[in-house]
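Since the structure comes first, as structure tokens, the remarks are kept for the end.
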Amino acid sequence: MSKEGKLVCYGAECECQFGNAPDKLIVETQSKRYINDPDGAEKLVATNKEIGQPFEKKTFGQCKMQPTPSGYKPCQPNITEWQDFYDKVTLSDNDGNPLLDVSKAICAIAGAPCVSITFHGQTGKPVAQNFEQEEQEKDTASQMNPLVNPNEAIQPMAQSQIKAITL
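See the structure below:
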């Protein structure tokens, strides 16, 4: 069943409700589909085929599901499946469906969906297209209101124009 959320990519931050440290998701099941990566070099789209130990450090710290007399055993996640992924798209590379930031993974140790995504991994990066769009918006603004110069409207105020506020 499809849910709504943001697509997840390589480097997404994950946590296990039974662990005490986060880890980052790695994508090894496909190598062609990128997101939020203008160069197509880093941010591979994560899919529900990222099973086993698809994490950078391969641990979430100490596993509360595995107590010992002196504390807990180290976590060694073993993802058996993902839930709540985007099932309306299937990648041809691996027959996988994209993960969403609301997706949860089932670990073999817990036997339940206990691994969640805390940050989807996408980051904003300015590219030339953003700056071209800004110039177009300035042109539109000046045509709509010719009395305001859009370049002056977004200039920061000079130190002399700022008045001190006393409480």
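Numbering (this note's numbering), first residue to last: 1 to 167.
Heads up, the beta-carbon is just placed ideally off N, CA and C, and yes, glycines get one too.
All of these numbers come straight from a predicted model, not from anything done at the bench.
Item	Value
Looking only at its own chain, which residues have a Cβ that is under 6 Å from the Cβ of Ala21, when we skip the five neighbours before and after it?	Phe60, Gly61
Determine the direct distance from the alpha carbon of Val27 to that of Thr80, and round the result to whole angstroms.	15 Å
Quick one: is Ala108 buried, meaning 16 or more other Cβ sit within 10 Å of its Cβ, or exposed?	exposed
Tell me, please, which residues DSSP counts as bridged to Gln62.	Pro74
Return the CA-CA distance between Lys73 and Gly52, expressed in angstroms with no decimal places.	18 Å
Distance check for Pro69 and Glu50, CA to CA, integer angstroms please.	33 Å
Give the secondary structure of Ala105 by DSSP, where H, G and I count as helix, E and B as strand, and everything else as coil.	strand
Buried or exposed for Gly40, please, with buried defined as at least 16 other CB atoms from any protein chain shown within 10 angstroms of its CB.	exposed
Using the beta-carbon count (16 or more within 10 Å), is Thr29 buried or exposed?	buried
With DSSP collapsed to three states, give me the class of Tyr10.	coil
Is it the case that the Cβ atoms of Ser103 and Glu15 are separated by a distance below 9 Å?	no
Could you give the DSSP three-state label for Glu15: helix, strand or coil?	strand
CB-CB under 7 Å to Cys114, same chain, minus the five flanking residues each way: which ones, in chain order?	Cys16, Gln17, Phe18, Cys107
In the structure shown, what three-state DSSP assignment does Lys24 receive?	strand
May I have the straight-line CA-CA distance separating Pro54 from Asp95, to the nearest angstrom?	17 Å
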